[in-house]
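S.K.:
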Amino acid sequence: MQPLHLEPEEFAKYPPEARMLIVAHLEAIRQLPVSFVPNLLREAIDYDFKFPAERSAIEKELTVISSLTAAELEDWFRGFAQITLSPALERFDWVNQPARFAEQESAYLWTTHQQDAFRDAATAYGARLLAALPPSEPPVRRLGIAIIGQGVAAYDAPLFRDIRAQGTYFGKLVPENGLQLLLAAVGSRAKAHPVPYGHWYVDGGDAAEHGPLITCVSYKALDGARAALLKNMQAEIRRPGMGPEELRTHLAELMPSDLGMEKAGDPVLDRFQVKLLTEGSGTQIFSTTFAQWTAREALRRAQPLTLLVRFAPRQRQRPMSELLSNSNPTPELDFTGSLIDADMGAFYHWINQQRLPGASQSVFLAWFEGHQQAVVVSPSLPRGVESMSAIDLGKLLDLALS
């Protein structure tokens, strides 16, 4: 099918809000190349289960496309129009299976040496869209917090080496009640700026008590879903003809109900958590990887105003077959290795936060849990210096956000 022949009835299987959105912009979509439209629909089909920031981005993109004149549409999408597809791809049900189409299209573009042309077209389109929709500044300074080293009694090697040059290192921090002070600060921000999915607490272990306005994702709370996923993966791997690509496609189609997640939960957050486990590499078996990947995806998709990530000890490395089988209910923990993982995870957290609007005014704090070491990046504090002042975490945040 060509986009020109699309009718509203083609989208009958879409979730209700996604269907309404697409139909409202159907006239413009009909004028787009078939090499482009399924990639647009891949995002739009999940509109009902996306975060507000993602929904807004899709709405704005479709509004921009619908506002273009015929000449502008031809100019914007000329690169995509020059991509040729096989008859099999054009006959594919890309309306109802846009993600599968995108996978097959990518493979076909590689085999026909059109991948560079498609990438150039996508890059040019992205630049034009960004120019038409410049990002808006957040209503308050963005705040990121990374807590590392849970359970580590002592560690002599330097921490936060990759980020110290960006901010102020504190070597005599008062650590008492540190976690409670930081969670209280997150809760206060959530009350002052009650944005849906705007304030997050991610825990690589069992989440501590936190305010009701905070979106919380924890490794421990997903124990049942992780076990169900590993069992599902084992069963699929044993099937004849099941290879890495087929397994990836299978995992991408799993729903919360497939992993035994509560039907009465938050459908948006449940879908997000399933994606964490099915798309992340190692999120099913390593808590540090889970925390790092969750932080990355939360920042990329939800663009929260506040994100606190607390890393917890992960299990010690074992043969992958043992890890995937989930055969050891009480695995040995690697505290020092987890601290090293989390130290790098904190650095990635800061990098990903810097990619969001308002980066120049954002604040980031990383703390060695239970200890006196922390580093803070803030416009209010000097860069590349050390402070030996005695200050607790609550007052330190106030200073950084002032």
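For what it's worth, our numbering labels the leading residue of the sequence shown as 4, then goes sequentially.
Where a beta carbon is used, it is the ideal one built from N, C-alpha and C, also for glycine.
Out of Ala84, Asp401, Gly214 and Val220, which one is the CA nearest neighbour of Thr286?
M.R.: Taking only the C-alpha atoms, the option nearest Thr286 is Val220.
S.K.: Which word fits Thr126, buried or exposed, when buried means at least 16 other C-beta atoms lie within 10 angstroms of its C-beta?
M.R.: By the neighbour-count rule (16 or more Cβ atoms within 10 Å), Thr126 is not buried but exposed.
S.K.: If you scan the segment 260 to 345 from start to end, which runs of the beta strand (DSSP E) of 3 or more residues do you find wholly inside it?
M.R.: Listed in chain order, the complete beta strand (DSSP E) runs (minimum 3 residues) inside the segment 260 to 345 are 309 to 313.
S.K.: Can you tell me whether Leu216 is helix, strand or coil according to DSSP?
M.R.: Correct three-state label for Leu216: coil.
S.K.: Please state whether DSSP places Tyr158 in a helix, a strand or coil.
M.R.: Of the three classes helix, strand and coil, the one that applies to Tyr158 here is coil, per DSSP.
S.K.: Is it true that the CB of Leu225 sits closer than 8 Å to the CB of Gln276?
M.R.: Against a cut-off of 8 Å, the Cβ pair of Leu225 and Gln276 comes out as a contact.
S.K.: Looking at the structure shown, is Leu66 part of a helix, part of a strand, or coil, going by DSSP?
M.R.: Position check: residue 66 holds Thr in this sequence, whereas Leu was assumed. Thr66 falls in the helix class under three-state DSSP.
S.K.: DSSP three-state call for Asp209: helix, strand or coil?
M.R.: Correct three-state label for Asp209: coil.
S.K.: For Gly214 and Ala193, what's the separation of their Cα atoms in angstroms?
M.R.: Distance between the alpha carbons of Gly214 and Ala193: 8 Å.
S.K.: Return yes when the Cβ of Ala211 is within less than 8 Å of the Cβ of Leu182, no when it is not.
M.R.: Yes, they are a contact pair.
S.K.: Under the assumption that Pro11 contacts Leu35 (Cβ atoms under 8 Å), give the Cβ distance between them as a whole number of angstroms.
M.R.: Their Cβ separation, rounded to whole angstroms, is 16 Å, which puts Pro11 and Leu35 out of contact at 8 Å.
S.K.: Taking the alpha carbon of Ile86 as the point to measure from, which residue in Ser341, Ala134, Leu310 and Phe121 has its own alpha carbon closest?
M.R.: That would be Phe121, whose Cα lies nearest to the Cα of Ile86.
S.K.: Please report the straight-line C-alpha distance between Ala403 and Leu396, rounded to a whole angstrom.
M.R.: About 10 Å.
S.K.: What are the start and end residues of the alpha helix (DSSP H) that includes Leu133?
M.R.: Note, Leu133: alpha helix (DSSP H), Gln118 to Ala135.
S.K.: For a quick check, are the C-beta atoms of Gln375 and Gly174 less than 8 Å apart?
M.R.: Against a cut-off of 8 Å, the Cβ pair of Gly174 and Gln375 comes out as a contact.
S.K.: Helix, strand or coil for Ser139, going by three-state DSSP, please let me know.
M.R.: Ser139: coil per DSSP, three-state reduction.
S.K.: Suppose you measure from the CA of Gly170 to the CA of Ser59; what does that come to, to the nearest Å?
M.R.: In a straight line, the C-alpha of Gly170 is about 33 Å away from that of Ser59.
S.K.: Does the beta-carbon of Val271 have 16 or more other beta-carbons within 10 angstroms, so that it is buried, or is it exposed?
M.R.: Buried, since its Cβ has 16 or more Cβ neighbours within 10 Å.
S.K.: Which residues in the same chain as Ala393 place their Cβ atom closer than 7 Å to its Cβ, once the five residues preceding and following it in sequence are excluded?
M.R.: Cβ neighbours of Ala393 beyond the five flanking positions: Lys175 and Val177.
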